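Residue numbers (my numbering), protein chains in the order written: chain A, 1 to 80; chain B, 1 to 146. All residues carry an ideal CB built from backbone N, CA and C; glycine is no exception. Please read all numbers here as calculations on a predicted model, not as lab measurements. One structure is given below, encoded as structure tokens.
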């Protein structure tokens, strides 16, 4: 088992009713697996609607998560 | 780039101008993105910005390296606000100086374009009606925010 922290921003934070949440995941679990099992029902958008980072570096959905990782779920940006 | 920063305080344009100053530069370009009183025809009272600070700074620094490499700028400043902004306030500043004006202007344009496209910052529109919506929220499909 591994414990990771997920960060949510913009409307993703609204839908998750919070900006930070911890998850216990199985060894070798990917972002995509965590998304499908734990996030998709609440975020109510397909995985393709988001970008991801792990420990503040961009990461694709096949990235394996490790104990202590900080995953960010990143909706389309709108700065400027 | 000399300054890459997210801040909740108002942007000090004089700081940027002082940073750009260099006797080797014949051109300085400054872009300010300011908060409008309407979006897509709907009256607005202001914007709230949030950022994923660590990744936003990394991405802005990557953009800064690109500008230095592609446009030969001598000095540069990129500052983006976070938090509540009222109408007319500057939300973002991109400023560049280069030996020639074309380089400074092109770098400034590329800087703001790439910030808008790539940096993890989000804005929420505070409508005159009292409602508030995040830009790009698919729940607002059919409204005005895509």
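Item	Value
Chain-ordered neighbours of residue 17/A on chain B, where CB pairs are closer than 7 Å	Near residue 17/A there are no residues of chain B at all, since even the closest Cβ is about 15 Å away, more than 7 Å.
Helix, strand or coil at residue 23/A according to DSSP, with G and I counted as helix	strand
Length of the line joining the Cα atoms of residue 15/B and residue 93/B	11 Å
Identity of the residues DSSP links to residue 31/B by a beta bridge	94/B
Contact check, residue 103/B vs residue 140/B, beta carbons under 8 Å	no
When 97/B, 134/B, 66/B and 47/B are compared against residue 80/B, the one with the closest alpha-carbon	47/B
Those residues which DSSP pairs with residue 30/A across a bridge	64/A
Uninterrupted alpha helix (DSSP H) stretches inside the stretch 63-125 of chain B (no shorter than 4 residues)	101-118
Among 90/B, 119/B, 121/B and 117/B, nearest to residue 37/B - alpha-carbon criterion	90/B
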